[in-house]
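Counting in full-length UniProt numbering, the sequence shown runs from 1 upward without gaps.
Glycine is no exception: its CB is placed at the ideal position from the N, C-alpha and C atoms.
Shown next, in structure tokens, is the structure this report addresses.
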Amino acid sequence: MDAVIRQHPLLTTATALYLAVVGWVTLGPQPTGLVRAAGVWQLLGFVREHPSLSWITYALIEFSANVAMFLPVGVLLLLLMGRRGWWAAILTGFVLSVAIEAAQLFLPGRVSDIRDLVANSLGTALGVLLALVITLPAALRRRRASRPRTGEVRLA
């Protein structure tokens with residue numbers, strides 16, 4: 001891990017800062033009253049006025065928000081760990097989510113929920129997948145560049 005930090009100090013710093021934000025959002029003090037979800041309540045009010053949108057519920061919005069919050073976690077972890085470490089990035093996101101949900105058991109005003117664990121893990125996995133797709137062209141270029149050309153002999 002020390003080598004990763006030395007090779008990618010900016011990426012490591014960005015990842016640490018984003019994880020600090022995730023920690024603050026998930027473990028920090030919750031805003032009180034309607035302030036914490038004013039935008040969500042406005043959206044739900046709009047949905048109630050349009051029957052065709054009745055499938056949009058608070059639970060769906062909360063689940064989607066958790067997926068969205070952990071999507072960058074997957075991207076950043078894959079970029080740090082490399083394409084071959086895709087499974088480790090997903091596992092790290094899952095372990096991070098388990099740690100958050102376990103900590104929430106002991107925090108007043110916080111609720112630990114298995115759906116959050118699923119949403120966070122899904123967000124991490126989707127972020128890893130997105131990063132794999134984004135980095136694919138560069139990986140293919142590196143692979144082509146490392147192959148010997150026709151008639152060329154490489155000594156190990």
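query: Three CB pairs or more closer than 8 angstroms across the region 113-128 and the region 82-102; result: yes
query: Rounded C-alpha distance that separates Arg68 from Pro137; result: The displayed chain sequence assigns Ala, not Arg, to residue 68. So the two alpha carbons sit approximately 25 angstroms from each other.
query: Burial state of Gly39, where buried means 16 or more other Cβ atoms lie within 10 Å; result: exposed
query: Distance CB(Val73)-CB(Thr13) smaller than 8 angstroms; result: no
query: Trp87: first and last residue of the uninterrupted alpha helix (DSSP H) it sits in; result: Trp86 to Gln104
query: Three-state class that DSSP yields for Arg147 in the structure shown; result: coil
query: Burial state of Ser97, where buried means 16 or more other Cβ atoms lie within 10 Å; result: buried
query: Span separating the alpha-carbon of Ala139 from that of Gln7; result: 18 angstroms
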